[in-house]
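**Student:** Supplied in structure tokens, the structure appears directly below.
Number of protein chains: 2
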Amino acid sequence: MDSLLSNLKIAVPEKIYVKDPESSSLGKRIVEHSILLIDEIGFDSFTFKKLGTLIGSNESSIYRYFESKHKLLLYLSSWYWAWIEYQLVIETHNLNPFDKLQKAIEVVCRSTKEDSSFSHINEVVLNRIMINENSKSFLTKEVDLENKEGYFVIYKRIVYRLRDMVIALKPNYKYPSSLASTIIDGSLHQHFLKSHFTSMTDCDLDITPTQFYKDLVSKTLQS
Amino acid sequence: MDSLLSNLKIAVPEKIYVKDPESSSLGKRIVEHSILLIDEIGFDSFTFKKLGTLIGSNESSIYRYFESKHKLLLYLSSWYWAWIEYQLVIETHNLNPFDKLQKAIEVVCRSTKEDSSFSHINEVVLNRIMINENSKSFLTKEVDLENKEGYFVIYKRIVYRLRDMVIALKPNYKYPSSLASTIIDGSLHQHFLKSHFTSMTDCDLDITPTQFYKDLVSKTLQS
DNA sequence: ACAAATACGATAGTATTACTATTATATTTG
DNA sequence: CAAATATAATAGTAATACTATCGTATTTGT
């Protein structure tokens, strides 16, 4: 899988960036270290100035790639979901409807354990960022405008893929879209609870969000 | 009826505020209009200076009630969940386990349609704020510290109540806590999708998040 | 190889934010 | 009526989230 990925470029909606960070080594360093810095100090405290200092570059140079830190978060989010989508397509290929959905849940709910190192992006850390910060990419007053601009297409496509698998397995189920979006958003939430509010989840070292959602979905669709 | 009486006067953890906003008319005006202003411009653009101007008071006076806008959000969130808990206890009283859980789901998932006007707080608008901003109250780097300080006790108590109802109905179900927290967080998310990402949810004018979660839970626990 | 285009770094500047501190005045209470 | 308390007004600070300009380095096309 790693070798396949090395020939593929994760495609992110163009309007998100001013200049494609994949097109230069500075751009790659910006993305690479923004992930590490956001993970370390949190998105709220993260600034382009701090990032500039960290990578020995200038604040103004970073603005030539991303017009704001919010756009950078949208970029990271899109990249993450594109990467998940890639795994989703490959790993669910050629399975029967039931196994396909079960495998899909596994792909979207599992926590990333290994940095595939086919790129400058550390997927383990990026996964942590998504758990802590992903909601902030759409919980804004500009969400409708940004949605129109296409900034959330990849995220939505994942939900559609899951929804279609639900429909394929159980055509008369009434809430395939809501079930799909609940799994995606809910599993990030369960991972968060696991780290910060252990009393509100059953997930721990032994039980994973994947198991919870696999069980939930199979019971919901069996009857 | 355990904590019903103690919640009649909506009780918020004391450490959240510097001075109890319920103790003065200025305090009440701060809370009342912060809700309206956050709803209008969003929490990210909300500042104490703007609120001061709006209520014809001074920024510095607001700081005597809340030490930061984040603490104010924690206050609003606690107030909201305390108010939900109040309804939860009353409306689920004396029902059998199945009806009790179904009613509980209704209470936590329904959108507020009427301002009960028993206070200066507009519950309809507060409900909208929770849909858009509630996650921001815990998705921070300070979450563990603030959790220790007890800022999330009411929110957690709601999850525990739901969890206990799940256990009462189906003692051998493996994931009662995760199911409970999924309902609470997930229903706010479904409401958000309904307003901004209609293609990712089945909820609309006819179908409510309540229906989706009632169906989900009864199917999950029946088998 | 050379000019032109582009990228980057350095510096400066702006309006706003998220506060803290001080003092003066108004209001409540004992 | 005095003392205590609450509020308002003003000022100030460091940081944020940018924009603008300019000079130099690097890349590129011919």
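Respectively, the protein sequence lines represent chains D and W. Using UniProt numbering, you'd call the opening residue of the first sequence number 1 and step up by one each time. Using UniProt numbering, you'd call the opening residue of the second sequence number 1 and step up by one each time. Every residue, glycine too, gets a C-beta built ideally from N, C-alpha and C.
How many Å lie between residue 125(D) and residue 35(D) at the Cα?
**Tutor:** Here residue 125(D) is taken as the residue at index 125 of the first sequence, counted from 1. Here residue 35(D) is taken as the residue at index 35 of the first sequence, counted from 1. Residue 125(D) and residue 35(D): Cα-Cα distance of roughly 7 Å.
**Student:** Just tell me which of 108(D), 140(D), 37(D), 195(D) has its CA closest to the CA of residue 38(W).
**Tutor:** Mapped onto the second sequence, residue 38(W) falls at position 38. Cα-wise, what sits closest to residue 38(W) is 140(D).
**Student:** Report back the beta-carbon spacing between residue 192(W) and residue 131(W) to the nearest angstrom; my notes put them in contact at under 8 Å.
**Tutor:** The residue you call residue 192(W) lines up with position 192 of the second sequence. The residue you call residue 131(W) lines up with position 131 of the second sequence. Confirmed, Cβ separation roughly 5 Å.
**Student:** For a contact defined as C-beta to C-beta under 7 Å, what are the partners of residue 203(D) on chain W?
**Tutor:** Indexing the first sequence from 1 puts residue 203(D) at position 203. Within chain W, the residues near residue 203(D) are 178.
**Student:** Kindly indicate which residue of 197(D), 156(D), 119(D) has the alpha-carbon position closest to the one of residue 183(D).
**Tutor:** Start at 1 with the first residue of the first sequence, and residue 183(D) comes out as number 183. It is 156(D) whose Cα lies nearest to the Cα of residue 183(D).
**Student:** Between the region 147-160 of chain W and chain D, which residues of the former have CB atoms less than 7 Å from a CB of the latter, in chain order?
**Tutor:** Per Cβ criterion, the list reads 147, 156, 159.
**Student:** Using a Cβ-Cβ distance cut-off of 9 Å, determine whether residue 209(D) contacts chain W.
**Tutor:** As a first step, residue 209(D) is located in the first sequence; it is residue number 209 there, counting from the start. At least one chain W Cβ lies under 9 Å of residue 209(D).
**Student:** Between residue 224(D) and chain W, is there a C-beta pair that is closer than 9 Å?
**Tutor:** With chain D covering only 1 through 223, there is no way to say anything about residue 224(D).
**Student:** So with CB distances below 9 Å, who are the chain W contacts of residue 166(D)?
**Tutor:** As a working note, residue 166(D) is residue 166 in the first sequence. Simply none; closest approach about 11 Å.
**Student:** Kindly list the residues whose CB is nearer than 7 Å to the CB of residue 200(W), restricted to its own chain and excluding five residues on each side of it in sequence; keep chain order.
**Tutor:** For the purposes of this step, residue 200(W) is taken as the residue at position 200 of the second sequence. So the qualifying residues of the chain are 193.
**Student:** Does any residue of chain D have a CB that is nearer than 9 Å to the CB of residue 41(W)?
**Tutor:** For the purposes of this step, residue 41(W) is taken as residue 41 along the second sequence, with counting starting at 1. So yes, residue 41(W) belongs to the interface.
**Student:** Given a threshold of 16 other Cβ atoms within 10 Å of its Cβ, counted over all protein chains shown, does residue 56(D) qualify as buried or as exposed?
**Tutor:** For the purposes of this step, residue 56(D) is taken as residue 56 along the first sequence, with counting starting at 1. With fewer than 16 other Cβ atoms within 10 Å, it is exposed.
**Student:** Could you have a look at residue 176(D) and say whether DSSP puts it in helix, strand or coil?
**Tutor:** Residue 176(D) sits at position 176 when you count from the first residue of the first sequence. In the structure shown, residue 176(D) sits in a helix (DSSP, three-state: H, G or I).
**Student:** Please list, in chain order, the chain D residues whose beta carbon lies closer than 9 Å to that of residue 175(W).
**Tutor:** Locating residue 175(W) in the second sequence gives position 175, counting from the first residue. Per Cβ cutoff of 9 Å: 201, 202, 203, 207, 211, 212, 215, 216.
**Student:** At which residues does the alpha helix (DSSP H) containing residue 113(W) begin and terminate?
**Tutor:** Against the second sequence, residue 113(W) aligns to sequence position 113. It is not in any alpha helix (DSSP H) - residue 113(W) carries neither H nor E in the DSSP assignment.
**Student:** Tell me the DSSP secondary structure of residue 189(D) in three-state form.
**Tutor:** Your numbering for residue 189(D) matches position 189 in the first sequence. Note: residue 189(D) maps to helix in three-state DSSP.
**Student:** Specify whether the region 140-155 of chain D and the region 171-187 of chain W touch according to this definition: at least 3 beta carbon pairs, one from each stretch, less than 8 Å apart.
**Tutor:** With the cut-off at 8 Å, the region 140-155 of chain D and the region 171-187 of chain W do not touch.
**Student:** Go through its chain and collect everything with a Cβ distance to residue 149(D)'s Cβ below 6 Å, but skip five positions before and after it.
**Tutor:** Walking along the first sequence from the start, residue 149(D) turns up at place 149. The residues are 15.
**Student:** Hey, does residue 191(D) have any beta-carbon neighbour from chain W nearer than 9 Å?
**Tutor:** Here residue 191(D) corresponds to residue number 191 of the first sequence, with the count starting at 1. No - not a single Cβ of chain W is within 9 Å of the one on residue 191(D).
**Student:** When you compare the region 61-81 of chain D with the region 15-31 of chain D, are there three or more beta-carbon pairs, one atom per stretch, that lie closer than 8 Å?
**Tutor:** Yes: the two stretches touch, three or more of their Cβ pairs being nearer than 8 Å.
**Student:** Is there a Cβ of chain W sitting closer than 9 Å to that of residue 181(D), yes or no?
**Tutor:** As a first step, residue 181(D) must be located in the first sequence, where it is residue number 181. Answer yes: the Cβ-Cβ gap between residue 181(D) and chain W drops below 9 Å somewhere.
**Student:** Quick one: residues in its chain with C-beta nearer than 7 Å to the C-beta of residue 115(D), no 5 flanking neighbours on either side, listed in chain order?
**Tutor:** Position 115 of the first sequence holds residue 115(D). Result list for residue 115(D): 122, 123, 124, in chain order.
**Student:** Do residue 76(W) and residue 62(W) come within 9 Å of each other at the CB atom, strictly closer than that value?
**Tutor:** As a first step, residue 62(W) must be located in the second sequence, where it is residue number 62. As a first step, residue 76(W) must be located in the second sequence, where it is residue number 76. Their beta carbons are not under 9 Å apart, which means residue 62(W) does not touch residue 76(W) by this criterion.
**Student:** Assuming contact is defined by CB atoms lying nearer than 9 Å, are residue 162(W) and residue 104(W) in contact in what I supplied?
**Tutor:** Numbered from 1 along the second sequence, position 162 holds the residue referred to as residue 162(W). Numbered from 1 along the second sequence, position 104 holds the residue referred to as residue 104(W). Going by C-beta atoms, residue 162(W) is nearer than 9 Å to residue 104(W).
**Student:** Going by other Cβ atoms of all chains shown within 10 Å of its Cβ, with 16 needed for buried, is residue 206(W) buried or exposed?
**Tutor:** Looking up residue 206(W) in the second sequence gives position 206. It is exposed - the Cβ of residue 206(W) has fewer than 16 other Cβ atoms within 10 Å.
**Student:** Where residue 218(D) and residue 196(D) are concerned, what is the direct C-alpha to C-alpha distance, given to the nearest angstrom?
**Tutor:** Position 218 of the first sequence, counted from the first residue, corresponds to residue 218(D). Position 196 of the first sequence, counted from the first residue, corresponds to residue 196(D). Computed Cα separation, rounded: 28 Å.
**Student:** Whose Cβ in chain D lies nearer than 8 Å to the Cβ of residue 132(W)?
**Tutor:** To locate residue 132(W), count along the second sequence from 1; it is residue 132. 139, listed in chain order.
**Student:** Out of 202(W), 166(W), 79(W), which one is the CA nearest neighbour of residue 102(W)?
**Tutor:** Walking along the second sequence from the start, residue 102(W) turns up at place 102. When each option's Cα is compared against that of residue 102(W), the closest is 166(W).
**Student:** For chain W, is any of its Cβ atoms less than 9 Å away from the one on residue 93(D)?
**Tutor:** Numbered from 1 along the first sequence, position 93 holds the residue referred to as residue 93(D). No, because no Cβ of chain W sits closer than 9 Å to the Cβ of residue 93(D).
**Student:** Would you say residue 197(D) lies against chain W (beta-carbon separation less than 9 Å)?
**Tutor:** If you number the first sequence from 1, residue 197(D) lands on position 197. It does; some Cβ of chain W falls within 9 Å.
**Student:** Could you name each continuous alpha helix (DSSP H) segment of 4 residues or more that falls completely within the region 86-163 of chain D, going from the start of the chain to the end?
**Tutor:** Segments of the alpha helix (DSSP H) lying fully in the region 86-163 of chain D: 97-109, 123-133, 143-148.
**Student:** Suppose you measure from the CA of residue 45(W) to the CA of residue 143(D); what does that come to, to the nearest Å?
**Tutor:** Within the second sequence, numbered from 1, the residue matching residue 45(W) stands at position 45. Within the first sequence, numbered from 1, the residue matching residue 143(D) stands at position 143. Cα to Cα, the separation comes out at about 14 Å.
**Student:** What residues from chain W crowd round residue 220(D), counting only those whose CB sits closer than 7 Å?
**Tutor:** Within the first sequence, the letter at position 220 stands for residue 220(D). 216, 219, 220, listed in chain order.
**Student:** So, using beta-carbon positions, are residue 215(W) and residue 80(D) closer together than 9 Å?
**Tutor:** What you label residue 215(W) is simply residue 215 of the second sequence in a count that begins at 1. What you label residue 80(D) is simply residue 80 of the first sequence in a count that begins at 1. Contact: no.
**Student:** For residue 111(D), I'd like the list of residues in its chain whose CB is within less than 7 Å of its CB, leaving aside the five on either flank, ordered along the chain.
**Tutor:** As a working note, residue 111(D) is residue 111 in the first sequence. The residues are 127, 191.
**Student:** So, is residue 87(D) buried or exposed, given that buried needs 16 or more other C-beta atoms within 10 angstroms?
**Tutor:** For this step, residue 87(D) is matched to residue 87 along the first sequence. Classification of residue 87(D): buried, given that the 10 Å Cβ count is 16 or more.
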